Structure formats: C-alpha cells, structure tokens
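For the sequence shown, position 45 (counting from the first letter as 1) is numbered 45 according to UniProt numbering, and the numbering increases by one without interruption. To keep things clear, I will list the structure first and then write my remarks on it.
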Amino acid sequence: MRSIWKGSIGFGLVSIPIKLYSAVQTSALDLDMLDSRDHAHIKFQRVNENTKKEVPYDKIVKGYKYENDYVIVEDADFEAAAPEKSKVIEIENFVDITSVNPMFYETSYYTEPETKNNKAYALLLEALKKSGKAGLARFVLRNTESMCIVHPVDQAIVVTRIRFEQQIRDQSELKLNDKVEVTKKELDMGLALINQYAEDLDLSKYKDEYHTELLKLIEAKAKGKRPTIKKLKPKAAKSDDLYDQLMNSLQVKKGA
Numbered sequence: 001m002r003s004i005w006k007g008s009i010g011f012g013l014v015s016i017p018i019k020l021y022s023a024v025q026t027s028a029l030d031l032d033m034l035d036s037r038d039h040a041h042i043k044f045q046r047v048n049e050n051t052k053k054e055v056p057y058d059k060i061v062k063g064y065k066y067e068n069d070y071v072i073v074e075d076a077d078f079e080a081a082a083p084e085k086s087k088v089i090e091i092e093n094f095v096d097i098t099s100v101n102p103m104f105y106e107t108s109y110y111t112e113p114e115t116k117n118n119k120a121y122a123l124l125l126e127a128l129k130k131s132g133k134a135g136l137a138r139f140v141l142r143n144t145e146s147m148c149i150v151h152p153v154d155q156a157i158v159v160t161r162i163r164f165e166q167q168i169r170d171q172s173e174l175k176l177n178d179k180v181e182v183t184k185k186e187l188d189m190g191l192a193l194i195n196q197y198a199e200d201l202d203l204s205k206y207k208d209e210y211h212t213e214l215l216k217l218i219e220a221k222a223k224g225k226r227p228t229i230k231k232l233k234p235k236a237a238k239s240d241d242l243y244d245q246l247m248n249s250l251q252v253k254k255g256a
C-alpha cells in the first residue's frame, strides 16, 4: 500500500504523526472502452475549446468562474484556505460509534504512525476500544473538506469519511404513506421471521459472486465458447395475504 496523505491526529494537546492508506479496493473488472469496428482503444483527450488542440497535462490549471471571468486557484491556495485542516485530523469530540447512521458513511482509510513504537497512537487506540466511542473530526483531503470518524479496527486506528448532513436528501419528495396499518398478528409474524434469520455478522462468508461469474463468462468467450444464459424463474406467491406469505416464509426457512 502507498500512503495518500501525511499529517497528524489531534487528540487534545497530543499530536500523533500519521500516514493514511486506502483501506478499500474495488472488485470490479477493469473494462476498456473500444471501437466496435476494430477494437481500438478509445482515448480521452483534454482539448482547448478555442484552438481545438490537445492541452498538455502540465499546462492545465483549475479555475473558479467569478463575475464572467475565471480566478485561477493554485495548490498553495487550497492549503492556505485552511492550513490546519490540510495537515491535522483534529478530533473535536467523541460520540457513540453506533449513533452514526450508515447513510453517512463514505470510505475508510487505515492510519499508520510515523514511528512504529508510538505510545500516543497505542493509547488512543486502546482508549477508543475501551470506551466504545469514536472521534468526530474534520480534515481536508484532495482539496475537499470532509467529516470523519476516528475509530479502532483490530490493531489500527481507522479514519472513515462521512457525509455532511446537508448532503443527505430529505424524504419529503418520496411518496410514502405512514397511515398504512399493520395488525399485531402480522407484526408478530414479521418479528418471528427476522429472529429466525438473525445471526452474528460474518462478512467473510459473502463474496462478490457477480464478479466471479462475469470473469468465467469472459474466459469462456476467449476460448470461443458461447456463454449459457441462466433464465430467471419467477416464484409465484401462494397467497396475496401478507400473513400467509410470512407464515410460508417461516416454513421455507425451517425446511432449509
């Protein structure tokens, strides 16, 4: 892994120098865009709209349109806007990690102390584990300010970016009806079904099966074989009654 950010975690008056590493990786196949006629690669070019000529990457700058003209924003400007946030993940307070709505989660990064035997890093890691809390902080990554939670995962402190509340859309535009009545009998059956399917979370049991099947199909086509398309067989409901459907679901699970 290569570090993508260097700075520190601010924990009260304690500063812990760290490096950030991406904790996630994509499992999607790397597909190239090709011309269907000769399978030549499709190239994307950065073209000047006036001259119609390609622009070298080192000649490209970022600009913000202001009163019908552009103000050029340089790398130093991004850091000057908030130098402390560009270099420090400053923990502002601590919250119960379970109180963070999963809708707010974005992506996670491993942290690594600059020095292997960093006592402050070990202290924060152990304190987070014992308290069940997570640090709430803000910092700047890739010229964008992010909210994040600082939390323990096994032997590492993890920084997980979360969305700002203003980024979560309001539900008012959804056509929802909170007046639909559910009978106690139906609710009890629904709870029974949930309890029957309940188990401890073990994500290691789940794999990206679509990726695997797609790769098998590609390998078969490379050998000149025609892929077999699996036909979906819709399951007909035995009854339109919700209670009956729940009851049948319980019986299916018992017989599994």
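Glycine residues also receive a C-beta, built at the ideal position from the N, C-alpha and C atoms. Keep in mind it's a predicted model, so treat the numbers as computed, not measured.
Determine the direct distance from the alpha carbon of residue j to that of residue i, and round the result to whole angstroms.
| i | j | result |
| --- | --- | --- |
| residue 24 | residue 107 | 8 Å |
| residue 145 | residue 247 | 50 Å |
| residue 221 | residue 229 | 13 Å |
| residue 217 | residue 227 | 6 Å |
| residue 74 | residue 179 | 54 Å |
| residue 10 | residue 116 | 18 Å |
| residue 51 | residue 225 | 48 Å |
| residue 199 | residue 102 | 19 Å |
| residue 211 | residue 243 | 37 Å |
| residue 61 | residue 72 | 7 Å |
| residue 214 | residue 184 | 45 Å |
| residue 192 | residue 182 | 15 Å |
| residue 65 | residue 40 | 37 Å |
| residue 173 | residue 98 | 28 Å |
| residue 13 | residue 160 | 22 Å |
| residue 44 | residue 158 | 36 Å |
| residue 84 | residue 68 | With a pLDDT of 49 at residue 84, under the threshold of 50, the predicted position of this residue should be treated as unreliable, though the coordinate-derived value follows. The straight-line gap from Cα to Cα measures roughly 32 Å. |
| residue 59 | residue 76 | 17 Å |
| residue 240 | residue 175 | 23 Å |
| residue 186 | residue 177 | 18 Å |
| residue 203 | residue 100 | 20 Å |
Within the same chain, show all residues whose beta-carbon is closer than 6 Å to that of residue i, passing over the 5 residues directly before and after it, in chain order.
| i | result |
| --- | --- |
| residue 87 | 7 |
| residue 323 | Residue 323 lies beyond the range of the chain shown here (1 to 256); nothing can be said about it. |
| residue 93 | 136 |
Please go through the same chain and pick out, in chain order, the residues whose beta-carbon is closer than 8 Å to the beta-carbon of residue i, but skip the five residues on each side of it.
| i | result |
| --- | --- |
| residue 47 | 53, 54, 55 |
| residue 1 | 21, 22, 110 |
Under 7 Å, Cβ to Cβ, is there at least one residue of chain D near residue i?
| i | result |
| --- | --- |
| residue 59 | Structure shown: chain D not included; a single protein chain is present. |
Do residue i and residue j have their C-beta atoms within less than 7 Å of each other?
| i | j | result |
| --- | --- | --- |
| residue 110 | residue 156 | yes |
| residue 137 | residue 194 | no |
| residue 20 | residue 4 | yes |
| residue 63 | residue 57 | no |
| residue 132 | residue 91 | no |
| residue 105 | residue 162 | yes |
| residue 27 | residue 208 | yes |
Between which two residues does the alpha helix (DSSP H) holding residue i run?
| i | result |
| --- | --- |
| residue 188 | 184-197 |
| residue 214 | 209-222 |
| residue 156 | Careful: residue 156 lies outside any alpha helix (DSSP H), inside the beta strand (DSSP E) at 156-162. |
Return the chain-ordered list of same chain residues with a C-beta closer than 7 Å to the C-beta of residue i, the five sequence neighbours on each side being excluded.
| i | result |
| --- | --- |
| residue 164 | 147 |
| residue 190 | 246 |
| residue 42 | 33, 34, 35 |
Counting along the chain, where does the beta strand (DSSP E) carrying residue i start and finish?
| i | result |
| --- | --- |
| residue 128 | That residue, residue 128, is in no beta strand (DSSP E); its alpha helix (DSSP H) goes 119-131. |
| residue 8 | 5-11 |
| residue 55 | Residue 55 -> no beta strand (DSSP E), and no H or E assigned at all. |
| residue 94 | 88-96 |
| residue 43 | Unbroken run through residue 43: none, as it is neither H nor E. |
| residue 16 | 14-22 |
| residue 102 | No beta strand (DSSP E) holds residue 102; DSSP gives it neither H nor E. |
| residue 147 | 144-153 |
| residue 60 | Note, residue 60: premise wrong, no beta strand (DSSP E); not H, not E. |
| residue 180 | Run containing residue 180: none; DSSP gives neither H nor E here. |
The ligand SAM and residue i: does the residue's C-beta get closer than 6 Å to at least one heavy atom of that ligand?
| i | result |
| --- | --- |
| residue 27 | Ligands are entirely absent from the displayed structure, and the ligand SAM is therefore not among its contents. |
Is the region 31-41 touching the region 157-177, taking contact as three or more C-beta pairs under 8 Å? No, they do not touch.
Pairs of beta-carbons, one from the region 147-162 and one from the region 111-127, closer than 8 Å: are there three or more? The region 147-162, when compared against the region 111-127, does touch it at the 8 Å Cβ threshold.
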